[in-house]
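**Student:**
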RNA sequence: GCGAGGGUAGCCAAGCCCGGUCAAAGGCGACAGACUCAAGAUCUGUUCUCGCAGGAGUCCCCCGGUUCAAAUCCGGGCCCUCGCACCA
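Here's what the structure looks like:
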């Protein structure tokens with residue numbers, strides 16, 4: 011039979027939303043549970059991978075709802091930044107891929123043409139996310155609370171947050187260097203290239219600009235990423251073919267390439283370009299190195315690119331392969347030597363000077379690596395690899411050697427900072443920022459690094475804030491547990507973070523300076539609180555105008571009195587107090603679930619902003635991280651998986667099969683590849699369960715037997731296991747039990763001859779609700795089949811009651827199961843088909859001795875136990891005692907606490923097995939004879955009885 | 001480089017925090033049997049090696065250590081994936 015999942019899903023989600031079981035209202039006195047997943051950025055269609063975290067969230071929320079909690083599970087979207095602008099521009103430019111993908115999703119031409127407007131893009135995808143993804147997946151989310159970060163009311167909230175941060179002294183200003191178009195101002199450099207037409211992968215590099223004094227007092231400035239190598243300077247490189255300029259900077263004249271001076275203008279005030287200087291005129295002369303004061307010769311090099319750094323380069327041939335090869339080539343280039351009057355002695359004088367001890371390298375790594383790789387020309391492309399290799403190991407593992415004065419013995423990383431700082435402070439160096447590759451604005455102009463003198467930052471380095479956040483994080487439920495530990499160091503590492511920016515962005519204006527727009531991370535950290543408010547905005551009872559600082563102070567911080575706040579804001583007192591009490595009911599947030607990319611970005615600031623702004627009782631309680639569903643596509647084809655649109659995939663496999671896939675395929679904390687076959691497997695699984703349930707519910711009335719008692723007990727202990735799994739929101743373990751182990755229990759029940767209708771129904775009534783969190787539509791359909799109303803989704807899953815009786819029933823069945831295994835094993839090994847099986851249980855005294863062994867405390871003492879046991883053992887069995895005790899103690903020592911509990915259960919094994927005789931006979935197709943060991947008239951073929959142990963009766967078959 | 005995660009039987013994947021219940025859950029695949037005219041579906045069993053009595057041997061990336069005992073703890077190594085800040 012094939013179930014029509016598509017219509018089942020449509021039916022139930024409509025029924026839920028019509029009945030509004032997804033809506034959340036405070037129920038004072040009732041436990042609450044408030045969960046969100048990190049809202050997605052509005053950047054286009056999502057893939058099936060994104061639904062993983064979302065589906066897991068809904069399952070957790072549904073479980074909580076079914077275990078006595080009033081739940082709040084709101085959703086929203088994040089549209090701050092340039093995602094929507096970028097998308098709109100792609101439409102505007104007529105980018106085929108984007109337009110085709112919209113068409114493939116059934117979007118009309120008319121709608122597409124509207125989407126050249128970013129706001130339309132946002133409107134469109136907001137609707138897609140809610141209707142085609144979240145509602146389609148049956149989420150019990152309170153849709154009335156939907157919010158989007160660029161809505162005016164949301165902005166009021168963000169303004170308030172910034173004011174609170176300011177009041178707490180956490181907003182600070184300092185200079186910052188950011189990429190900007192010379193014409194259009196700030197641009198974003200990112201691979202999607204919204205603002206730019208070239209260079210999406212460029213990085214901003216921070217160069218140290220070292221000043222080398224020339225004979226006439228001018229400073230030749232060399233840009234370097236490794237200022238600590240000043241100790242190894244041997245010469246200076248100048249490109250004789252390049253035009254250099256004299257630049258007035260303060261009271262100094264700097265020499266650099268013209269492009270460098272153009273860039274510098276954006277980074278320093280009061281720069282005046284005085285005139286050009288000929289590179290060739292410097293050649294063969296000397297300049298004075300900063301810091302060491304050493305006089306070094308100036309040599310020609312074609313490698314000085316006027317567009318990189320300052321166009322002048324200092325030469326450290328010991329550690330820079332390029333510099334070393336430069337010298338090698340120069341020595342060969344007799345024409346150049348002659349032209350510039352450079353003598354062999356001068357080059358000799360520029361021999362490499364060892365400055366860094368690097369494990370695994372000799373004193374001159376640059377020389378060593380070029381020789382090893384056989385590089386002897388500047389045109390060799392491998393020179394770049396050589397540079398990287400030397401740089402990497404030297405920088406991270408090296409220490410400065412004795413040539414480095416007071417820095418000798420320091421790690422290179424550390425020395426770099428110290429030396430740079432020292433040179434900056436003494437005026438021998440400056441800083442210069444440049445991009446790692448050419449970046450062009452959409453207008454075609456160059457993008458440069460521009461100094462922003464008054465950039466605002468949130469001071470996440472604030473020691474008090476950091477300390478309180480770290481301390482609070484320890485009390486939180488953070489999963490996986492590795493992250494619980496690790497977030498401590500993330501919080502420690504977190505420094506100031508720019509929180510506003512200029513340029514072409516969507517978002518909230520900075521309340522203290524409207525030129526700035528609040529940046530995308532800064533406006534998405536405290537927002538779970540806002541879902542309490544958004545509902546009242548969406549239903550019209552709150553207007554953005556009334557949402558002032560006082561308003562939020564009152565509802566979130568309990569400041570002021572209602573009457574005067576109401577008066578000042580124009581918000582009716584009832585509404586005001588309603589929002590406030592809602593907030594106090596729902597907050598704090600119980601879980602924030604987000605993808606692993608948030609671990610070093612969103613989660614720490616989410617936590618710190620709560621700590622900075624809200625009162626301690628409202629700080630978040632939990633964080634959960636999900637890893638990704640990756641696409642297996644790469645290997646075969648794009649259409650293979652992962653990239654397929656969500657609605658079509660949902661139609662093909664069914665939403666519940668997908669939800670089960672997400673929950674069960676792997677732990678949430680590892681990446682897993684999407685595979686159609688796997689999802690199909692889960693669909694099959696649901697269909698199998700469907701037929702199993704339908705078969706079972708038709709069970710006839712029958713007198714209950716031992717196996718009925720067992721099934722009741724089994725369901726009880728499964729229930730216990732499930733609640734335990736959910737303590738850590740371990741949905742994988744949960745689904746494994748519900749969808750795989752319970753069906754096995756039920757089949758075993760049938761195999762064991764169970765056919766009691768009442769027992770069956772009891773089991774089903776326990777089981778079906780357990781499926782509701784993960785496969786809710788499917789569970790509803792089953793619930794209806796069982797004649798239940800209205801929704802399984804609002805049923806309660808009761809706590810488990812694991813009594814002594816439950817454990818006893820399970821132990822009895824374990825005995826039977828174990829016996830079946832043993833008999834099969836013997837039959838297999840001996841290759842016999844038994845005609846008759848004798849089962850001989852262990853004598854009382856073995857039970858007694860086991861009890862004594864369990865009671866033994868401390869180190870197992872075999873001889874003491876044997877002595878103590880002897881009096882209880884019948885004379886003719888005493889010779890068996892030592893061997894038995896030896897085995898017993900080894901079992902006991904290996905046993906866990908639970909095992910020991912089980913071992914201590916005492917029941918009549920012979921009676922239990924006798925009870926199962928009809929089952930055993932039909933399993934093995936032969937007669938069974940159960941022989942209690944203590945029966946004086948027992949038969950004991952081949953003397954096997956003495957091998958019986960509690961839980962492992964002796965078996966003889968013929 | 002820094003930070004994080006990972007490497008488990010044919011494949012996917014639990015277990016590792018809290019060592020012994022682990023030859024290691026579950027799924028897929030494969031093989032055998034049942035049902036069936038047949039196929040499919042479903043159900044049952046098997047699926048590291050050896051074993052004519054329920055047992056033994058070897059095993060969880062590699063090497064070493066701790067321990068009565070290691071997939072699990074510690075040290076070292078090899079390999080893979082991801083994040084690193086103004087991109088959400």
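Numbering (my numbering), first residue to last: 11 to 968. Note that beta-carbon positions come from the ideal geometry of N, C-alpha and C, so glycine has one too. This one's a predicted model, so the numbers in the text were calculated from it and none came from an experiment.
Residues in its own chain within less than 6 angstroms of residue 725 by CB, not counting five upstream and five downstream?
**Tutor:** Looking up residue 725 in the first chain gives position 715. Only 773 and 776 meet the Cβ criterion.
**Student:** Under 6 angstroms Cβ to Cβ from residue 771, same chain only, skipping five residues before and after it: list those, please.
**Tutor:** As a position in the first chain, residue 771 is number 761, starting the count at 1. Closer than 6 angstroms at Cβ, skipping near neighbours: no residue.
**Student:** So, helix, strand or coil for residue 193, using DSSP?
**Tutor:** As a position in the first chain, residue 193 is number 183, starting the count at 1. If DSSP states are grouped into helix, strand and coil, residue 193 belongs with coil.
**Student:** Is it a yes or a no for the stretch 451–466 touching the stretch 314–326, going by three-plus beta-carbon pairs under 8 angstroms?
**Tutor:** With a cut-off of 8 angstroms, the stretch 314–326 and the stretch 451–466 do not count as touching, because too few Cβ pairs lie within range.
**Student:** Distance check for residue 634 and residue 802, CA to CA, integer angstroms please.
**Tutor:** Residue numbering aside, residue 802 sits at position 792 when the first chain is read from its first letter. Residue numbering aside, residue 634 sits at position 624 when the first chain is read from its first letter. Their Cα atoms are separated by approximately 27 angstroms.
**Student:** Take the Cβ of residue 599 as the centre, count every other Cβ of all protein chains shown within 10 Å, and call the residue buried at 16 or more, exposed below.
**Tutor:** Numbered from 1 along the first chain, position 589 holds the residue referred to as residue 599. Buried.
**Student:** With DSSP as the reference, label residue 442 as helix, strand or coil.
**Tutor:** As a working note, residue 442 is residue 432 in the first chain. In this structure, residue 442 counts as strand in the three-state DSSP scheme.
**Student:** Could you tell me whether the Cβ atoms of residue 985 and residue 433 are closer together than 8 angstroms?
**Tutor:** Absent from the structure is residue 985, since the part of the chain shown begins at 11 and ends at 968.
**Student:** Assuming contact is defined by CB atoms lying nearer than 8 angstroms, are residue 742 and residue 677 in contact in what I supplied?
**Tutor:** By one-based count along the first chain, residue 742 stands at place 732. By one-based count along the first chain, residue 677 stands at place 667. For residue 742 and residue 677, yes; Cβs fall inside 8 angstroms.
**Student:** On the DSSP bridge assignment, give the partners of residue 184 in chain order.
**Tutor:** As a first step, residue 184 is located in the first chain; it is residue number 174 there, counting from the start. Answer is 465, bridged to residue 184.
**Student:** Does DSSP put residue 640 in a helix, in a strand, or in coil?
**Tutor:** Counted from its first residue, the first chain places residue 640 at position 630. Strand, per DSSP.
**Student:** Below 8 angstroms CB to CB, which residues in the same chain sit around residue 217 once its five sequence neighbours on both sides are set aside?
**Tutor:** In the first chain, the residue the question calls residue 217 occupies position 207. Around residue 217: 233, 234, 235, 319, 320, 441, 442, 443 and 444.
**Student:** If we count the other Cβ atoms within 10 Å of its Cβ and call it buried at 16 or more, is residue 769 buried or exposed?
**Tutor:** The count along the first chain starts at 1 and reaches residue 769 at position 759. Classification for residue 769: buried.
**Student:** Are residue 540 and residue 164 touching if we call contact CB-CB under 8 angstroms?
**Tutor:** For the purposes of this step, residue 540 is identified with residue 530 of the first chain, where counting begins at 1. For the purposes of this step, residue 164 is identified with residue 154 of the first chain, where counting begins at 1. Yes, they are a contact pair.
**Student:** Three-state secondary structure (DSSP) at residue 453?
**Tutor:** In the first chain, residue 453 corresponds to position 443, counting from 1. It is coil, neither helix nor strand.
**Student:** In whole angstroms, what is the alpha-carbon distance linking residue 75 and residue 806?
**Tutor:** As a working note, residue 75 is residue 65 in the first chain. As a working note, residue 806 is residue 796 in the first chain. The alpha-carbon atoms of residue 75 and residue 806 are separated by roughly 8 angstroms.
**Student:** Among 562, 26 and 329, which has the Cα closest to the Cα of residue 366?
**Tutor:** As a first step, residue 366 is located in the first chain; it is residue number 356 there, counting from the start. Considering only alpha carbons, the answer is 329.
**Student:** Which term fits residue 436, buried or exposed, when burial requires 16 or more other beta carbons within 10 angstroms of its beta carbon?
**Tutor:** Residue 436 sits at position 426 when you count from the first residue of the first chain. Answer is exposed; the Cβ neighbour count stays below 16.
**Student:** Once DSSP output is grouped into helix, strand and coil, what is the label at residue 414?
**Tutor:** The sequence position of residue 414 within the first chain is 404, counting from 1. Of the three classes helix, strand and coil, the one that applies to residue 414 here is helix, per DSSP.
**Student:** For a test of the three-state rule: what should DSSP assign to residue 798, helix, strand or coil?
**Tutor:** Walking along the first chain from the start, residue 798 turns up at place 788. In this structure, residue 798 counts as coil in the three-state DSSP scheme.
**Student:** Can you confirm whether the stretch 610–618 touches the stretch 499–506 when touching is taken to mean that 3 or more C-beta pairs between the two stretches lie within less than 8 angstroms?
**Tutor:** With a cut-off of 8 angstroms, the stretch 610–618 and the stretch 499–506 count as touching, because enough Cβ pairs lie within range.
**Student:** Since residue 778 contacts residue 793 with CB under 8 angstroms, what's their CB separation in whole angstroms?
**Tutor:** Looking up residue 778 in the first chain gives position 768. Looking up residue 793 in the first chain gives position 783. Indeed they touch by this definition, with Cβ atoms about 5 angstroms apart.
**Student:** Tell me, please, whether the stretch 690–706 touches the stretch 666–676 by the rule of three or more beta-carbon pairs shorter than 8 angstroms.
**Tutor:** Taking 8 angstroms as the limit for Cβ pairs, the verdict is that the stretch 666–676 does touch the stretch 690–706.
**Student:** With residue 37 and residue 80 assumed to form a contact (beta carbons below 8 angstroms), what rounded beta-carbon distance in angstroms separates them?
**Tutor:** By one-based count along the first chain, residue 37 stands at place 27. By one-based count along the first chain, residue 80 stands at place 70. With 8 angstroms as the limit, residue 37 and residue 80 qualify as a contact, their Cβ atoms being about 5 angstroms apart.
**Student:** Residue range of the alpha helix (DSSP H) that residue 566 falls in?
**Tutor:** On the first chain, residue 566 is found 556 positions in, with the first residue counted as 1. Note, residue 566: alpha helix (DSSP H), 559–567.
**Student:** Go ahead and label residue 649 buried or exposed: buried means 16 or more other beta carbons lie within 10 angstroms of its beta carbon, across all protein chains shown.
**Tutor:** Here residue 649 is taken as the residue at index 639 of the first chain, counted from 1. Confidence at residue 649 is low in this model, with a pLDDT of 37, below 50, so its placement is unreliable and the value that follows should be read with caution. With fewer than 16 other Cβ atoms within 10 Å, it is exposed.
**Student:** Going by C-alpha distance, which of 911, 183, 933 and 938 is nearest residue 924?
**Tutor:** Here residue 924 corresponds to residue number 914 of the first chain, with the count starting at 1. Taking only the C-alpha atoms, the option nearest residue 924 is 938.
**Student:** What residue range does the beta strand (DSSP E) around residue 247 cover?
**Tutor:** Translated into the one-based positions of the first chain, residue 247 becomes position 237. Looking at the DSSP string, the run of the beta strand (DSSP E) that includes residue 247 is 245–248.
**Student:** What residue ranges within the stretch 555–638 form continuous alpha helix (DSSP H) runs of no fewer than 4 residues, ordered along the chain?
**Tutor:** Runs of the alpha helix (DSSP H) inside the stretch 555–638: 559–567, 572–579, 583–596 and 612–623.
**Student:** Give the DSSP-derived three-state secondary structure of residue 219 in the structure shown.
**Tutor:** Position 209 of the first chain holds residue 219. If DSSP states are grouped into helix, strand and coil, residue 219 belongs with the strands.
**Student:** Do you know how far the Cα of residue 552 is from the Cα of residue 576?
**Tutor:** Mapped onto the first chain, residue 576 falls at position 566. Mapped onto the first chain, residue 552 falls at position 542. The straight-line gap from Cα to Cα measures roughly 12 angstroms.
**Student:** Out of 89, 716 and 513, state which residue places its alpha-carbon closest to the alpha-carbon of residue 134.
**Tutor:** Counting from 1 along the first chain, the entry for residue 134 is found at position 124. When only C-alpha atoms are compared, the closest one is 89.
**Student:** For the putative contact between residue 143 and residue 45, defined by C-beta atoms under 8 angstroms, what is the C-beta separation to the nearest angstrom?
**Tutor:** Residue 143 sits at position 133 when you count from the first residue of the first chain. Residue 45 sits at position 35 when you count from the first residue of the first chain. So it is not a contact: roughly 17 angstroms between Cβ atoms.
**Student:** Answer yes or no: do residue 762 and residue 710 have a C-beta to C-beta separation smaller than 8 angstroms?
**Tutor:** Mapped onto the first chain, residue 762 falls at position 752. Mapped onto the first chain, residue 710 falls at position 700. Taking 8 angstroms as the Cβ cut-off, residue 762 and residue 710 do not qualify as a contacting pair.
**Student:** Give a yes or no on contact between the stretch 819–839 and the stretch 927–937, applying the rule of three or more CB pairs nearer than 8 angstroms.
**Tutor:** In short, these stretches touch, since the Cβ pair count reaches three.
**Student:** Between the stretch 509–523 and the stretch 481–495, do at least 3 Cβ pairs fall closer than 8 angstroms?
**Tutor:** No, they do not touch.
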